[in-house]
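Protein chains in written order, with this note's numbering: chain A, 54 to 297; chain B, 170 to 420.
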């Protein structure tokens with residue numbers, strides 16, 4: 054059913070050159086269909102975060118086009134369809150857990166009643182009930198990570214972008230986050246996940262793209278990648294792709 | 170428009186959560202000026218422009234407290250949001266650049282008004298300061314707050330460290346305010362200091378506010394309002410330009 058929708062994400066000739074001259078992405082093309090669980094793998098500096106930032110209007114695109122469900126990424130509609138949980142914790146230090154979610158909902162145009170109900174739902178879903186009136190700096194690392202994810206999902210985005218959501222979290226929380234993300238995907242949400250953990254990518258993602266130096270090296274299912282590179286393990290795919 | 174309302178609420182919430190720092194402290198320090206310079210020394214200083222000294226300094230002190238707060242508030246709120254990167258929550262939201270500029274400007278204006286109104290109430294009680302020209306007073310305050318709230322945003326966006334914001338506050342705005350005729354009429358200054366005072370933009374703002382309160386000032390109120398407006402409009406446009414282009418806000 055989702056394949057009839059416009060693609061969740063289309064990048065056409067996307068190029069980003071930073072002010073210091075660094076070319077982070079060059080003529081990058083990618084299409085992710087609606088409802089997909091898509092993984093983006095690559096070493097540090099490959100361009101993963103740059104790509105995500107471009108989709109979320111957090112950087113000035115040098116050249117190219119970014120479409121979200123067929124709409125240019127900087128339109129109000131497209132912006133409201135995307136939810137982002139960034140790699141680094143970037144929570145507003147003046148706001149409590151509940152306020153963090155409420156204000157995010159407000160920024161994304163939700164109405165007052167909906168905000169209240171959804172914030173409570175998110176607080177319960179992410180096990181933050183006892184911390185609802187605690188400000189972000191007083192939360193533990195795991196609680197902040199949960200809040201970050203809850204904030205990204207608060208406005209019910211159609212495309213959820215998770216930039217290394219399980220980096221530095223313990224085993225239990227990792228499993229918990231995986232369960233939640235899987236459930237989200239089963240409800241029809243398109244997920245774009247970047248990760249350094251190959252097992253995570255293989256376990257969760259239907260399709261994986263390997264990027265290096267701002268270029269797409271390969272994209273396929275985990276099995277397809279293994280077959281393409283003639284190896285048995287995704288680790289070997291990664292090593293071969295990055296060395297090629 | 171919902172996003173704009175929530176951004177305004179967030180910026181106002183920050184001011185109210187930190188009210189002892191954002192409102193109470195500046196009100197106390199301005200009141201100390203009124204008490205020390207006005208009530209204690211006022212008896213030893215002759216009237217200025219036919220007005221008691223403790224009344225004469227009130228408009229300047231209210232201006233000083235308000236514009237410094239408008240600047241400091243916005244410089245710190247935007248710098249903090251950039252530094253901790255939670256500004257991304259706003260930059261990625263379905264809000265237009267003008268809504269972001271307006272929303273971030275509001276916090277400084279609300280804080281400045283809270284300080285200004287508190288000082289006004291105290292000044293009316295303590296020294297019975299009049300309000301002779303309310304329309305000109307409201308216009309002068311509005312333009313002054315837009316000017317300094319916008320400058321705060323611009324500085325907070327360009328700043329790379331906390332020192333940069335406090336540098337502008339302490340090395341530029343505070344001295345200009347002090348020599349802008351807050352504590353004296355520039356007509357008593359010897360040449361060339363009187364003439365040089367006319368190159369200080371804060372001098373015009375202080376005089377416009379003083380005219381609103383006392384009905385008299387060192388220069389024409391319309392010149393004062395004109396100069397302040399001529400600075401406020403490009404300052405706001407500059408802040409708007411930064412949000413529109415994403416310069417310094419987006420990599």
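Ideal Cβ placement from N, Cα and C applies to all residues, glycine included. Quick caveat: nothing in here was measured; it's all calculated off a predicted structure.
Check                                                                                                                              : Outcome
Chain A within 8 angstroms of residue 373 (chain B), Cβ atoms only                                                                 : no
Pick from B:325, B:416, B:247, B:203 that is closest to residue 289 (chain B), judged by C-alpha positions                         : B:203
Beta carbon of residue 279 (chain B) nearer than 8 angstroms to that of residue 189 (chain B)                                      : no
N-terminal and C-terminal residue of the beta strand (DSSP E) that residue 268 (chain A) is part of                                : 268 to 273
Inter-residue spacing [alpha-carbon to alpha-carbon] between residue 381 (chain B) and residue 318 (chain B)                       : 21 angstroms
DSSP state of residue 290 (chain A) mapped onto helix, strand, coil                                                                : helix
Residue from B:251, B:178, B:414, B:238 whose Cα sits closest to the Cα of residue 335 (chain B)                                   : B:238
Completely contained alpha helix (DSSP H) runs for the region 232 to 261 of chain A, where each covers 4 or more residues          : 251 to 257
Runs of beta strand (DSSP E) wholly within the region 180 to 222 of chain A (minimum 3 residues, chain order)                      : 212 to 216
Residue 217 (chain B) to residue 353 (chain B) span [Cα, whole Å]                                                                  : 8 angstroms
Below-8 angstroms beta-carbon distance, residue 146 (chain A) vs any chain B residue                                               : yes
Chain A contact residues for residue 200 (chain B), given Cβ-Cβ distances below 9 angstroms                                        : None at all; the shortest Cβ gap to chain A is about 27 angstroms.
Nearest-angstrom Cα separation, counted from residue 240 (chain B) out to residue 273 (chain B)                                    : 12 angstroms
Any chain B beta carbon closer than 8 angstroms to residue 157 (chain A)                                                           : yes
Residues near residue 306 (chain B) by beta carbon distance below 7 angstroms, same chain, minus five either side                  : 300, 378, 381, 382
Residue 166 (chain A) at chain B interface by Cβ criterion, 8 angstroms                                                            : no
The region 84 to 103 of chain A touching the region 59 to 72 of chain A, judged by at least three CB pairs closer than 8 angstroms : yes
Residue range of the alpha helix (DSSP H) that includes residue 371 (chain B)                                                      : 370 to 383
Residues that residue 69 (chain A) bridges to, as DSSP identifies them                                                             : A:78
Where residue 296 (chain A) falls, given that 16 or more other Cβ within 10 Å makes a residue buried                               : exposed
Between the CA atoms of residue 316 (chain B) and residue 402 (chain B) - distance to the nearest angstrom                         : 7 angstroms
Opposing strand residues paired with residue 91 (chain A) [DSSP bridges]                                                           : A:245, A:260
Contact check, residue 144 (chain A) vs residue 109 (chain A), beta carbons under 8 angstroms                                      : no
Three-state secondary structure assigned by DSSP to residue 192 (chain B)                                                          : helix
Alpha helix (DSSP H) segment containing residue 173 (chain B), residue limits                                                      : 171 to 186
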